[in-house]
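First residue of the sequence shown: 469, per the numbering used here; consecutive thereafter. Read the structure below first, then the notes.
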Amino acid sequence: MSDASLSRTTNDFLTESTIKWSKRLLSCGIIAGPLYIILGLIQMNIRDGFDIRRHALSLLSNGNLGWIQISNFILSGLLILACAFGIRKVMYSGRGRTWGPLLVGVYGLGVIAGGLFIADPALGFPPGTPEGPPVTVSWHGSFHFILGGLGFFSLIAACFVFARRFFSLGQQGWAVYSIITGGLFLAAFIGIASGTSNEGINVAFGVAVVLGWLWISL
Numbered sequence: 469m470s471d472a473s474l475s476r477t478t479n480d481f482l483t484e485s486t487i488k489w490s491k492r493l494l495s496c497g498i499i500a501g502p503l504y505i506i507l508g509l510i511q512m513n514i515r516d517g518f519d520i521r522r523h524a525l526s527l528l529s530n531g532n533l534g535w536i537q538i539s540n541f542i543l544s545g546l547l548i549l550a551c552a553f554g555i556r557k558v559m560y561s562g563r564g565r566t567w568g569p570l571l572v573g574v575y576g577l578g579v580i581a582g583g584l585f586i587a588d589p590a591l592g593f594p595p596g597t598p599e600g601p602p603v604t605v606s607w608h609g610s611f612h613f614i615l616g617g618l619g620f621f622s623l624i625a626a627c628f629v630f631a632r633r634f635f636s637l638g639q640q641g642w643a644v645y646s647i648i649t650g651g652l653f654l655a656a657f658i659g660i661a662s663g664t665s666n667e668g669i670n671v672a673f674g675v676a677v678v679l680g681w682l683w684i685s686l
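And the structure:
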């Protein structure tokens, strides 16, 4: 999506300097997804007791190595914010000019909030944590859930906003891809937010998060 934001038509109306800076900002969005996913995969393999079938990546912010995931959240979120500014620079007109970059930016803020407000230990992770959900939810755990949820909804909405823009530009493939990504992410988020905990829903949500990051990068 970051690559597609800078079209030939747009280039005709932008100065060379603006185009250069826009490409740099959009490149931040291209980098963000692979960075987040790769660091997540590494942690899955080095953190004792972590099981993606049971645990959300947010739980990796706890424990002695929790700083890795905290840094992952903050750095990836900052890259998305930069990308949102880049999108705004090149979307000089047309559908989604206001809401598209704004929603991507809100998602970036939600990702940063995920690092600033740590999720409560749960489900036996980190090792030594009682099984099951937290008995009491901390203030930072509440903010993590609320702001993270806002970020997820913003990304889902962004998928549909850009789908409409791509349809208006005649870019049918990008439009359909955006709709599929937004729809799958929405279904997975509803499943995980319902409080139903099973391996299928947890894995589906993890896959949806990866799809969302890839959508931004592509």
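Ideal placement from N, C-alpha and C gives every residue a C-beta, glycine not left out. As the structure is a prediction and not an experimental result, all values here were calculated from the model.
Proximity below 8 Å, CB of L591 to CB of G554: Translated into the one-based positions of the sequence shown, residue 591 becomes position 123. Translated into the one-based positions of the sequence shown, residue 554 becomes position 86. Not closer than 8 Å, so no.
Cut-off 7 Å between Cβ atoms - residues of its own chain near V629, not counting five sequence neighbours on either side: By one-based count along the sequence shown, residue 629 stands at place 161. Excluding sequence neighbours, V629 sits near G564, W567, G568 and L571.
Own chain residues within Cβ distance below 7 Å of R632, not counting five before or after: Here residue 632 refers to the residue found at position 164 when the sequence shown is read from its first residue. Within the same chain, and ignoring the five residues on either side of R632 in sequence, the residues whose Cβ sits closer than 7 Å to its Cβ are R563 and G564.
Under the three-state DSSP convention, the category F585 falls into: Residue mapping note: residue 585 aligns to position 117 of the sequence shown, counting from 1. Three-state result, F585: coil.
Identity of the residues DSSP links to A655 by a beta bridge: One-based indexing of the sequence shown puts residue 655 at position 187. In the DSSP output, where bridge partners are listed per residue, A655 has none listed.
DSSP state of F688 mapped onto helix, strand, coil: Since the first and last residues shown for the chain are 469 and 686, residue 688 lies out of range.
For L546, the first and last residue of its enclosing alpha helix (DSSP H): In the sequence shown, residue 546 corresponds to position 78, counting from 1. G534 to V558 is the extent of the alpha helix (DSSP H) around L546.
Distance between L503 and S685 (C-alpha atoms, nearest Å): Stepping through the sequence shown from its first residue, residue 685 is reached at position 217. Stepping through the sequence shown from its first residue, residue 503 is reached at position 35. Computed Cα separation, rounded: 10 Å.
Close beta carbons around G609, own chain, < 8 Å, minus the five adjacent residues each side: Position 141 of the sequence shown, counting from 1, holds the residue named residue 609. Same-chain partners within the cutoff: F585, I586, A587, D588 and P602.
H608: first and last residue of the uninterrupted alpha helix (DSSP H) it sits in: Residue mapping note: residue 608 aligns to position 140 of the sequence shown, counting from 1. First-last of the alpha helix (DSSP H) with H608: W607 to S636.
Minimum C-alpha distance to I614 - residue among G638, F673, G578 and P598: Mapped onto the sequence shown, residue 614 falls at position 146. Minimum Cα distance to I614 is reached at G578.
Touch test, the region 485-492 against the region 520-530, Cβ-Cβ under 8 Å, three pairs minimum: Flag = no, the region 485-492 and the region 520-530 do not touch.
Local conformation of A672 per DSSP, three classes: One-based indexing of the sequence shown puts residue 672 at position 204. Of the three classes helix, strand and coil, the one that applies to A672 here is helix, per DSSP.
Distance between beta carbons of L623 and G720, contact taken as under 8 Å: In the structure as shown, the chain begins at 469 and stops at 686. Residue 720 is therefore absent and cannot be evaluated.
Beta-bridge pairing of A590 - partner residues as DSSP gives them: Residue numbering aside, residue 590 sits at position 122 when the sequence shown is read from its first letter. For A590, which the question treats as bridged, DSSP gives the partners F593.
Reference D516; option with closest CA among G576, N530 and I506: Against the sequence shown, residue 516 aligns to sequence position 48. Taking only the C-alpha atoms, the option nearest D516 is N530.
Contact check, F635 vs A643, beta carbons under 8 Å: If you number the sequence shown from 1, residue 635 lands on position 167. If you number the sequence shown from 1, residue 643 lands on position 175. Yes.
Counted within 10 angstroms of its Cβ, other Cβ atoms place T483 as buried (16 or more) or exposed: In the sequence shown, counting from the first residue as 1, residue 483 sits at position 15. Flag for T483 reads exposed.
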